[in-house]
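Residue numbers (numbering that gives the first Met the number 0): 0 to 276.
Virtual Cβ for every residue (Gly too), placed ideally from N, Cα, C.
I have placed the structure first, in the form of structure tokens, so that the comments after it can refer back to it.
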Amino acid sequence: MTVGRATLRFYLGDCLTVLPRLEPASIGTVVTSPPYNIGIKYRSYQDDLPRKDYLNWSDSWLRAVSHVMQPEASLFLNVGAKPTDPWVPLEVAQVARRFFKLQNTIHWVKSIAIDREAAGQGAGLDRDVAVGHYKPINSDRFVNDCHEFIFHFTPGGRTRLDRRAVGVPYQDRSNIKRWASAGEGLRCRGNTWFIPYDTIQSRDRDRPHPASFPPRVPDQCLRLHGLDRAGVVLDPFMGLGSTAIAAARLGLDFVGIEMDPHYLQEAVERVKASVDA
Numbered sequence: 000m001t002v003g004r005a006t007l008r009f010y011l012g013d014c015l016t017v018l019p020r021l022e023p024a025s026i027g028t029v030v031t032s033p034p035y036n037i038g039i040k041y042r043s044y045q046d047d048l049p050r051k052d053y054l055n056w057s058d059s060w061l062r063a064v065s066h067v068m069q070p071e072a073s074l075f076l077n078v079g080a081k082p083t084d085p086w087v088p089l090e091v092a093q094v095a096r097r098f099f100k101l102q103n104t105i106h107w108v109k110s111i112a113i114d115r116e117a118a119g120q121g122a123g124l125d126r127d128v129a130v131g132h133y134k135p136i137n138s139d140r141f142v143n144d145c146h147e148f149i150f151h152f153t154p155g156g157r158t159r160l161d162r163r164a165v166g167v168p169y170q171d172r173s174n175i176k177r178w179a180s181a182g183e184g185l186r187c188r189g190n191t192w193f194i195p196y197d198t199i200q201s202r203d204r205d206r207p208h209p210a211s212f213p214p215r216v217p218d219q220c221l222r223l224h225g226l227d228r229a230g231v232v233l234d235p236f237m238g239l240g241s242t243a244i245a246a247a248r249l250g251l252d253f254v255g256i257e258m259d260p261h262y263l264q265e266a267v268e269r270v271k272a273s274v275d276a
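Laid out in structure tokens, this is it:
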């Protein structure tokens with residue numbers, strides 16, 4: 000598929016079969032979210048493997064991804080958990096350590112409560128606020144889980160980033176003089192990103208995949224890496240195509256792999272609709 004100046008290639012199949020067919024060192028950026036192995040009901044994947052099998056599988060696909068990444072590439076790896084099994088993302092990160100350096104850890108915040116008094120007068124709040132969406136947890140042992148990890152891995156740990164591409168304005172403009180890197184009044188956003196899901200009317204129609212991130216997540220990852228050096232973008236677990244949508248909107252070439260034909264078709268349609276919009 001060609002969208003403007005970007006070429007998007009979609010592969011139906013298992014990423015362990017498709018990745019070896021890609022050219023070595025051909026990928027500049029990877030943004031993906033593999034199955035978490037926490038019992039999510041996918042159409043074509045068993046998400047409750049024995050932990051050893053799941054980590055061995057993670058080793059296999061991470062190794063395959065490392066072979067197609069360029070020396071200065073970035074892998075943004077989103078992994079979530081559940082209250083009764085919080086170690087999944089950390090154990091996957093340990094597996095990735097065999098092939099990459101952990102350069103940054105980003106906390107994707109999906110819902111947040113802000114106390115007006117704690118925020119201070121500069122925040123401009125006239126009341127306490129709670130914004131975003133989360134899956135409620137009915138338990139007297141656990142609090143609601145409102146965040147997920149996005150691990151930023153690179154081959155050598157020295158990949159240069161465009162930090163102000165996802166920067167935020169200084170609240171107090173007098174602070175600009177304190178930092179030589181202030182640029183045009185923007186500071187680094189940091190490693191806490193508040194990105195809520197869009198409000199939907201129908202789960203089956205609007206978000207039929209059980210575990211997908213909104214396009215703004217890969218959009219910020221790609222901008223942070225740097226659009227001028229993002230190269231070809233890869234998502235080996237494409238799902239509904241959020242990374243494809245972000246890449247297409249930014250004019251970046253893309254390679255997506257999805258093993259479920261229903262999700263693949265849905266992703267293609269969503270990319271077309273997003274670009275047309």
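Which residues in the same chain have their Cβ closer than 6 Å to the Cβ of H66, if we skip the five residues on either side of it in sequence?
P23
Beta-carbon separation of R188 and V216 under 8 Å?
no
Pull up the distance between the alpha-carbon of Q200 and that of G155, whole angstroms please.
Low confidence applies here, because Q200 scores a pLDDT of 49, under 50, leaving its location unreliable; read the following figure in that light. Approximately 44 Å between the Cα atoms of the pair.
Would you say the region 226-241 touches the region 261-268, given that touching needs at least three Cβ pairs under 8 Å?
yes
Spatial neighbours of V278 in its chain, beta-carbon cut-off 7 Å, leaving aside the 5 residues before and after:
Only positions 0 to 276 of the chain appear in this structure, which leaves residue 278 out of reach.
Delimiting residues of the alpha helix (DSSP H) encompassing W56
50-67
One or two residues paired with R280 in a DSSP bridge:
Any question about residue 280 goes unanswered here, given that the chain covers just 0 to 276.
Once you ignore the five residues that flank R202 on each side, which residues in its own chain have a CB closer than 7 Å to its CB?
Since pLDDT at R202 reaches only 44, below the 50 mark, its modelled position is unreliable, and the value read off the structure follows with that caveat. Closer than 7 Å at the Cβ level, and outside the excluded window around R202, lies no residue.
Please work out which residues of its chain come closer than 8 Å, Cβ to Cβ, to T104, disregarding the five sequence neighbours upstream and downstream, and give them in chain order.
F148, I149, F150, H151, N190
Which stretch, first to last residue, makes up the beta strand (DSSP E) that contains E147?
146-153
Collapsed DSSP secondary structure at P70 in the structure displayed
strand
Only counting runs of 4 or more residues, tell me where the alpha helix (DSSP H) segments fall wholly within the region 218-256, in order along the chain.
241-249
Express the C-alpha separation of P70 and I244 in angstroms, rounding to a whole number.
25 Å
For K100, the residue or residues it bridges with in DSSP
T153
What residue range is occupied by the uninterrupted beta strand (DSSP E) comprising T191?
191-193
If distances are taken between C-alpha atoms only, which option among D13, I194, Y262, L11 comes closest to S110?
I194
P260 (DSSP reduced to helix, strand or coil):
helix
Below 8 Å on the Cβ atoms is my guess for Y53 versus H132; work out the distance and round it to an integer in Å.
Wrong, their Cβ atoms sit about 27 Å apart, outside the cutoff.
Check the DSSP bridge columns for T28 and list the partner residues they point to.
S73, V232
Of the choices R4, F9, T1, A5, whose alpha-carbon is the least far from that of V254?
F9
As assigned by DSSP and simplified to three states, the class of A18
According to the sequence as given, residue 18 is Leu; it is not Ala. Reduced to three states, the DSSP call for L18 is helix.
Assumed close pair I136, A72 - CB separation to whole angstroms, cut-off 8 Å:
About 36 Å; that fails the 8 Å criterion.
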